[in-house]
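J.: In the working numbering, the protein residues as written are 1 to 344.
The structure is given below, and queries will be raised subsequently.
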């Protein structure tokens, strides 16, 4: 009888231990890069998940402070040097980021151009609160005439200078994707195999959530609900450029922060453009920057994503039409009926 009781007690302890060790998702949230970020770690040990996520959030804070476009940072110091017509010596990291951003800009015909920080400031988007007003026409025309671009930068190791003093760098269309790649590297180094990193809608998946892939939603640009949901597999990243977060309205018209370098005006042909990057090097970065030229290209979005080797994409046009590539359509589930045109 005592033996049976002992066996029952040991069984109960084993069950209790198993319950305590059951894998679950541990969420860690913060506000960085002007948006909400969430690091979700799937595992059994909360202490280990907390340590790994804390390391990621510290890195996000470092990147935010180092490359802020209008508060004192290494980037604003470089912009000041460029405005004075001087060369500057920058960190290895910033030099590599600028070289990569310059290549992405060239691939996208300059539609993605981080050299347009002056234009972003003219439209009032160098602040967390937007005043609904158009820029001074004379200042806008002067900036367009100066035609600042990433091609003006001369990069020689850590030495950076510009042939054009009108260049003012703003990495807002690049930094979130870069941060995803940094987060993935940190989590892997910390021994985390399964995680989901979300920086304001730019999302990257590591591993899975148990025996199921991570599942995410694509934000509807005109409703507080997902337009579609889909599984996100290990090593994949997804990002959306849209006119529904950083914008203001004036005289019944919406002015978003996605500015067309050809006109100096906010683009109006697209509500949102989503790209999904299959596993590859720098998948996080590619989920961010390449969505910008595709967004600004309007009806020419498909050609833009081809240039970056992207086959999974969805566009919501200005009139609400939904266009989706065949590869991504096979992955999507729409919560409500949506008439989506499949394109090759």
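Beta carbons: idealized from backbone N, C-alpha and C, even for Gly.
Nothing here was measured: the structure is a model prediction, and the numbers come from that model.
Give the secondary structure of residue 331 by DSSP, where H, G and I count as helix, E and B as strand, and everything else as coil.
T.: Correct three-state label for residue 331: coil.
J.: For the region 164-173 against the region 128-138, are there 3 or more C-beta pairs whose distance is under 8 Å?
T.: Counting Cβ pairs under 8 Å, fewer than three are found: no touch.
J.: DSSP three-state label for residue 245, please.
T.: Coil.
J.: Counting beta carbon pairs with one atom in the region 100-111 and one in the region 179-190, are three or more of them shorter than 8 Å?
T.: Contact fails: fewer than three Cβ-Cβ distances are below 8 Å.
J.: Taking the alpha-carbon positions, what's the residue 243 to residue 174 distance?
T.: Cα to Cα, the separation comes out at about 17 Å.
J.: If we count Cβ pairs, one from each stretch, closer than 8 Å, do we get three or more for the region 137-151 versus the region 48-68?
T.: Touching, no.
J.: Buried or exposed, going by whether 16 or more other CB atoms sit within 10 Å of the CB of residue 189?
T.: Exposed, by the Cβ-count rule.
J.: Decide if the region 75-88 is in contact with the region 274-281; the criterion is three or more beta carbon pairs, one per stretch, under 8 Å apart.
T.: The answer is no - the region 274-281 does not touch the region 75-88, with fewer than three Cβ pairs under 8 Å.
J.: Suppose contacts are defined by Cβ-Cβ distances below 7 Å. Is residue 285 in contact with residue 177 by that definition?
T.: Their beta carbons are under 7 Å apart, which means residue 285 touches residue 177 by this criterion.
J.: Classify residue 335: buried if its beta carbon has 16 or more other beta carbons within 10 angstroms, exposed otherwise.
T.: Residue 335 comes out exposed.
J.: What is the DSSP secondary structure of residue 237, reduced to helix, strand or coil?
T.: Residue 237: strand per DSSP, three-state reduction.
J.: Rounded to the nearest angstrom, what separates residue 22 and residue 232 at their Cα positions?
T.: So the two alpha carbons sit approximately 23 Å from each other.
J.: Going along the chain, which residues of its own chain have a beta-carbon closer than 7 Å to the beta-carbon of residue 261, five neighbours each way excluded?
T.: Counting only Cβ-Cβ distances below 7 Å, and skipping sequence neighbours, we find 110, 111, 113 and 116.
J.: Between residue 194 and residue 206, what straight-line distance do the alpha-carbon atoms span, to the nearest angstrom?
T.: If I take the Cα positions, the gap works out to 5 Å.
J.: Please report the distance separating the alpha-carbon of residue 326 from that of residue 222.
T.: Answer to the nearest angstrom: the Cα atoms are 24 Å apart.
J.: Let me know the alpha helix (DSSP H) ranges lying completely inside the region 100-175, each 4 residues or longer, listed in chain order.
T.: Correct list: 117-122 and 137-146.
J.: What residues in its chain sit with their C-beta under 7 Å from that of residue 342, if we drop five residues either side in the sequence?
T.: Once the five neighbours on either side are set aside, the close Cβ partners of residue 342 are 324, 326 and 329.
J.: Along the chain, where does the beta strand (DSSP E) that runs through residue 38 open and close?
T.: Unbroken beta strand (DSSP E) run through residue 38: 35-43.
J.: Taking residue 25 as the reference, which of 50, 251, 107 and 36 has the closest Cα?
T.: Closest by alpha carbon: 50.
J.: If you draw a straight line from the alpha carbon of residue 37 to that of residue 210, how long is it in whole angstroms?
T.: Residue 37 and residue 210: Cα-Cα distance of roughly 22 Å.
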